[in-house]
Amino acid sequence: MRRKTLLYGVLCVLCVPFVFPTWWMVTSSLKPVSDIFAFPPSLLPGRPQLEAYRQVFELQPFAQQYWNSLYIAAVVTVGTLAVSSLAGWAFARIRFRGSNALFLVILVGLLIPSEVTIVPLFRLFHSAGLTDTHWPLILIPVLGAPSVLATFIMRQFFLALPKELDEAAAVDGLGRLATFWRIGLPLARPAVGAVAIFTFLHSWNLYLEPIVFLSTPERFTLPQALTQFVDAYGGPMWNVQLAAASLTALPVLVVFVVAQKQFVEGLAHTGLKG
Numbered sequence: 003m004r005r006k007t008l009l010y011g012v013l014c015v016l017c018v019p020f021v022f023p024t025w026w027m028v029t030s031s032l033k034p035v036s037d038i039f040a041f042p043p044s045l046l047p048g049r050p051q052l053e054a055y056r057q058v059f060e061l062q063p064f065a066q067q068y069w070n071s072l073y074i075a076a077v078v079t080v081g082t083l084a085v086s087s088l089a090g091w092a093f094a095r096i097r098f099r100g101s102n103a104l105f106l107v108i109l110v111g112l113l114i115p116s117e118v119t120i121v122p123l124f125r126l127f128h129s130a131g132l133t134d135t136h137w138p139l140i141l142i143p144v145l146g147a148p149s150v151l152a153t154f155i156m157r158q159f160f161l162a163l164p165k166e167l168d169e170a171a172a173v174d175g176l177g178r179l180a181t182f183w184r185i186g187l188p189l190a191r192p193a194v195g196a197v198a199i200f201t202f203l204h205s206w207n208l209y210l211e212p213i214v215f216l217s218t219p220e221r222f223t224l225p226q227a228l229t230q231f232v233d234a235y236g237g238p239m240w241n242v243q244l245a246a247a248s249l250t251a252l253p254v255l256v257v258f259v260v261a262q263k264q265f266v267e268g269l270a271h272t273g274l275k276g
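In the working numbering, the protein residues as written are 3 to 276.
Quick look at the structure:
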């Protein structure tokens, strides 16, 4: 009992550096600007007020920008799951000449920074007339590095499944696609959960691509929108920015609270078998 109490005490102390910034962000969004940088700082707002949250929606089309981030993240997550699960199944269960070499070439995509490819990608989408649209924010993650990492996770999970499952499916008359859909994918729930979580969060926090491809405020996503809350002199409106950041963090917290078990299980089942 004493050991458990000590363990919980140590964990509470260790979580302070992670919890305190979020606590400060939320409480400061309820303070007047003059109280945010007061010394000594206060952990609770002396005079809580929601004025900053009202200004968030008045100064920017924040509701539209919130919807933009939500639907883009959802589409990217579904698209990445479709591509990575099929590709992972193919690399894990279908043996063909050069499969390992091809998979290695695909993994090299993880080593290329997004900043290196942003200029040619901009020229490509500009020539197709897709700048200032959401298509680049959807296609680049689905067909880029996030999908490569997702493919790796799915492949490692499928490699751990017994080969006898394929043989039993073949005896029942199932083809490769039916075997994947009826057997492989249902068994891969932990890996699917892990891929869905990190893909959603990556799309939700995407910053470089929106500032390159988008120029209309109504099409902005949240990371780009957060930089627009400034006063007439270009200075930051701290309480408004913190209020917007608090609203932006809500889906992230919900995803982790609801799906943290699936995330841990998914990573635990994706060993390095190859």
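Note that CB positions come from ideal geometry on N, CA and C, so glycine has one too.
Excluding the 5 residues preceding and the 5 following residue 86 in the sequence, name in chain order all residues of the same chain whose CB lies nearer than 7 Å to its CB. Apart from the 5 residues on each side of it in sequence, residue 86 sits with its Cβ closer than 7 Å to the Cβ of 149, 152, 153, 156, 197 in its chain, given in chain order.
How far does the alpha helix (DSSP H) with residue 3 in it reach, from first residue to last? Element bounds for residue 3: n/a, residue is neither H nor E.
Just to confirm, are residue 160 and residue 56 a CB contact at a threshold of 9 Å? no
From the DSSP output, in three-state form, read off residue 14 for me. helix
Name the two residues that bound the continuous alpha helix (DSSP H) containing residue 81. Secondary structure note for residue 81: its alpha helix (DSSP H) is the uninterrupted segment 64–95.
How would you call residue 7, buried or exposed, if buried means at least 16 neighbouring beta carbons within 10 angstroms? exposed
Proximity of residue 35 and residue 240 at Cβ, strictly below 9 Å: yes
Per the DSSP calculation, residue 212 is bridged to which residue(s)? Among the bridge pairs identified by DSSP, residue 212 is matched with none.
Limits of the alpha helix (DSSP H) - the one that residue 158 falls within: Element bounds for residue 158: 147–161.
Exposed unless 16 or more other CB atoms sit within 10 angstroms - verdict on residue 10: So residue 10 counts as exposed.
Cα-Cα separation, residue 61 to residue 123: 31 Å
Look at the alpha carbon of residue 70 and the alpha carbon of residue 175, and state the distance between them as a whole number of angstroms. 44 Å
Close Cβ partners of residue 25 (< 8 Å) along its chain, the five nearest in sequence each way excluded: 45
To which residues does DSSP link residue 238 through a beta bridge? 232
To which residues of the same chain is residue 145 closer than 7 Å at the C-beta, ignoring the five residues directly before and after it? none
Please report the distance separating the alpha-carbon of residue 68 from that of residue 177. 42 Å
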